[in-house]
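S.K.: Please read through the structure below; I'll follow up with questions.
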Amino acid sequence: MKTILYAKTIKDLLSQIKNNKGIQVVGGCTRLSELPEKSISTFGISELSQIVRHERYFDIGAGTTLSAILQIGQNHLPQVLYEALQTIANPIIRNTATIGGNICEMNHKLTLYAPLLALDAKLEFVSQTETITEPLLNFKEFPKDSVLTGIKIPNVDADISIFRRIGPENKITQRSASFAFIAATEKDTISSLRLAFAGPFAFRSKTLENDIIGKRLPLSQKDISEILEMVKQEFYKTATDQMISDVLTQQFFNLTKYSFEQLS
13 MKTILYAKTI
23 KDLLSQIKNN
33 KGIQVVGGCT
43 RLSELPEKSI
53 STFGISELSQ
63 IVRHERYFDI
73 GAGTTLSAIL
83 QIGQNHLPQV
93 LYEALQTIAN
103 PIIRNTATIG
113 GNICEMNHKL
123 TLYAPLLALD
133 AKLEFVSQTE
143 TITEPLLNFK
153 EFPKDSVLTG
163 IKIPNVDADI
173 SIFRRIGPEN
183 KITQRSASFA
193 FIAATEKDTI
203 SSLRLAFAGP
213 FAFRSKTLEN
223 DIIGKRLPLS
233 QKDISEILEM
243 VKQEFYKTAT
253 DQMISDVLTQ
263 QFFNLTKYSF
273 EQLS
């Protein structure tokens, strides 16, 4: 017989986790075929479903539904995030699925991972003793005895924003991935650049981006070819020993080439 517990506050949630060894935290459960033997639901914890809009960023509770985030509006959300949200399932699922659930899938990075990675999102984890804020770029595992409570999402300036979802529609497989590209220009140069990929693994290289920032515009075909070679070198450093198909890899390179062509 399965045990399902509920919490009314974050404090209550943490207390029940401490007192129930092996219990798993669940949210909208839209990707679970069945519940764990022992679980505790975050549904109904109002602290986890708040959206606070600041001048340069959003604080979004981990239990906020995807539909609620979309309601912020296309003119206010970062474009890559808005487009990514629209590609997820259908309105019925988005009414239940949460942003925290989309981030916390550890076996395969889901649709929002690449745009949030490109946006320099930060994750807030809370335990009974401390609050930890960690860049998504550095996220490998949950801090011990903590829960994800919020996501801080900068609202970056961009002249070009590109999001693409790769793979079969309406399901996640090893051939599924997401791609995000954000670029800003100033005085005929690339002033800011973010390039991210997420699926079987996550890729973003700030070293690569810094090497490209400052290049003169418009980019020539020679420039684009050189940049693509730089991207390939960095990508294969991350992709070594990862389970990724040649098709998925080529789609990433094709999208990268297309993105930089928008700066030519």
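Counting in my numbering, the sequence shown runs from 13 upward without gaps. Ideal Cβ positions, reconstructed from N, Cα and C, are used throughout, including at glycine. Nothing here was measured: the structure is a model prediction, and the numbers come from that model.
(1) Strictly by DSSP, which residues pair up with F137?
(2) Excluding the 5 residues preceding and the 5 following A214 in the sequence, name in chain order all residues of the same chain whose CB lies nearer than 7 angstroms to its CB.
(3) Please look up how many angstroms separate the CB atoms of F191 and E95, rounded, as I've assumed it's under 8 angstroms.
(4) For the beta strand (DSSP E) holding F213, just list the boundary residues, first then last.
(5) Indicate whether I111 and L148 have their beta-carbon atoms separated by less than 8 angstroms.
(6) Run through the region 43-71 for me and flag every whole beta strand (DSSP E) of 3 or more residues, listed as ranges in chain order.
(7) Rank L89, I22, S188, V38 by C-alpha distance to the C-alpha of S58 and give the top, closest one.
(8) With 16 as the cutoff for other CB atoms within 10 Å, does Q245 come out buried or exposed?
(9) Can you tell me whether F193 is buried or exposed? The criterion is at least 16 other CB atoms within 10 Å of its CB, across all chains shown.
(10) Beta-carbon separation of R68 and P166 under 8 angstroms?
(11) Assuming contact is defined by CB atoms lying nearer than 8 angstroms, are A170 and A133 in contact in what I supplied?
(12) Just the Cα atoms here: how many angstroms apart are V243 and I35?
(13) Which residue wins for smallest C-alpha separation from K50, given the options R65, K33, V64?
(14) Span of the alpha helix (DSSP H) holding I115?
(15) Measure from the alpha carbon of S173 to the alpha carbon of each residue in I72, L205, G73, T54, then state which is nearest.
(16) Ends of the beta strand (DSSP E) at E198?
(17) What separation, rounded to the nearest whole angstrom, lies between the Cα atoms of M260 and V138?
(18) Which residues does DSSP list as the beta-bridge partners of S173?
(19) Evaluate T185 with the Cβ neighbour count: other Cβ atoms within 10 Å of its Cβ, from every protein chain shown; 16 or more gives buried, anything less gives exposed.
(20) Assign A96 to one of three DSSP states: helix, strand, or coil.
(21) Report the CB separation of T197 from L229 in whole angstroms; it is logged as a contact under 8 angstroms.
(22) Among E241, L93, R106, V64, which residue has its Cα nearest to the Cα of G39?
(23) Can you tell me the Cβ-Cβ gap for L220 and T268, rounded? I've got them flagged as a contact below 8 angstroms.
(24) Taking T250 as part of the beta strand (DSSP E), name the residues at either end of that continuous run.
(25) Under 8 angstroms, do I239 and I224 count as touching if we go by C-beta distance?
M.R.: Checking against the coordinates, here is how it stands:
(1) In the sequence shown, residue 137 corresponds to position 125, counting from 1. I144, L160, per the DSSP bridge assignment.
(2) For the purposes of this step, residue 214 is identified with residue 202 of the sequence shown, where counting begins at 1. Correct list, in chain order: K121, Y125, L129.
(3) Against the sequence shown, residue 191 aligns to sequence position 179. Against the sequence shown, residue 95 aligns to sequence position 83. F191 to E95, Cβ: 11 angstroms. No contact.
(4) Taking the sequence shown and counting its residues from 1, the one referred to as residue 213 is at position 201. DSSP places F213 in no beta strand (DSSP E); its state is neither H nor E.
(5) As a working mapping, residue 111 is identified with position 99 in the sequence shown. As a working mapping, residue 148 is identified with position 136 in the sequence shown. It is not a contact, given that the beta carbons lie outside the stated cut-off.
(6) Counting whole runs of 3 or more residues, the region 43-71 contains the beta strand (DSSP E) stretches 50-53, 63-65.
(7) Taking the sequence shown and counting its residues from 1, the one referred to as residue 58 is at position 46. Measuring from the Cα of S58, the nearest candidate turns out to be I22.
(8) Looking up residue 245 in the sequence shown gives position 233. By the beta-carbon neighbour count (other beta carbons within 10 angstroms, threshold 16), Q245 is exposed.
(9) Locating residue 193 in the sequence shown gives position 181, where the first residue counts as 1. Looking at its Cβ environment, which holds 16 or more other Cβ atoms inside 10 Å, F193 is buried.
(10) Along the sequence shown, read from residue 1 onward, the residue named residue 68 stands at position 56. Along the sequence shown, read from residue 1 onward, the residue named residue 166 stands at position 154. Yes. Within cutoff.
(11) Within the sequence shown, residue 170 is the residue found at index 158, counting from 1. Within the sequence shown, residue 133 is the residue found at index 121, counting from 1. Taking 8 angstroms as the cut-off, the beta carbon of A170 is found no closer than this to the beta carbon of A133.
(12) One-based indexing of the sequence shown puts residue 243 at position 231. One-based indexing of the sequence shown puts residue 35 at position 23. Whole-angstrom Cα-Cα distance: 42 angstroms.
(13) Counting from one through the sequence shown, the residue named residue 50 turns up at place 38. Looking at the Cα atoms, K33 is the closest of the given residues.
(14) On the sequence shown, position 103 is the one that residue 115 refers to. Taken as a continuous stretch (DSSP letters only), the alpha helix (DSSP H) holding I115 covers 111-116.
(15) The count along the sequence shown starts at 1 and reaches residue 173 at position 161. With distances taken between Cα atoms, S173 lies closest to L205.
(16) Position 186 of the sequence shown, counted from the start, is the residue given in the question as residue 198. Annotation: the continuous beta strand (DSSP E) that includes E198 extends over 189-198.
(17) The sequence position of residue 260 within the sequence shown is 248, counting from 1. The sequence position of residue 138 within the sequence shown is 126, counting from 1. The sequence given here places Leu at residue 260; Met does not occur at that position. Spanning the alpha carbons of L260 and V138 requires a straight line of approximately 36 angstroms.
(18) As a working mapping, residue 173 is identified with position 161 in the sequence shown. According to DSSP, S173 bridges with I194.
(19) The residue labelled residue 185 in the question sits at position 173 within the sequence shown. The residue is exposed, with fewer than 16 neighbouring Cβ atoms inside 10 Å.
(20) Indexing the sequence shown from 1 puts residue 96 at position 84. Reduced to three states, the DSSP call for A96 is helix.
(21) Residue 197 sits at position 185 when you count from the first residue of the sequence shown. Residue 229 sits at position 217 when you count from the first residue of the sequence shown. Correct: roughly 6 angstroms between the Cβ atoms.
(22) Start at 1 with the first residue of the sequence shown, and residue 39 comes out as number 27. Closest by alpha carbon: R106.
(23) Taking the first residue of the sequence shown as 1, we reach residue 220 at position 208. Taking the first residue of the sequence shown as 1, we reach residue 268 at position 256. For L220 against T268, the beta-carbon gap comes to about 11 angstroms, at or over 8 angstroms, which does not count as contact.
(24) Start at 1 with the first residue of the sequence shown, and residue 250 comes out as number 238. Not the beta strand (DSSP E): T250 falls in the alpha helix (DSSP H), residues 233-251.
(25) For the purposes of this step, residue 239 is identified with residue 227 of the sequence shown, where counting begins at 1. For the purposes of this step, residue 224 is identified with residue 212 of the sequence shown, where counting begins at 1. Yes, Cβ-Cβ distance for I239 and I224 is below 8 angstroms.
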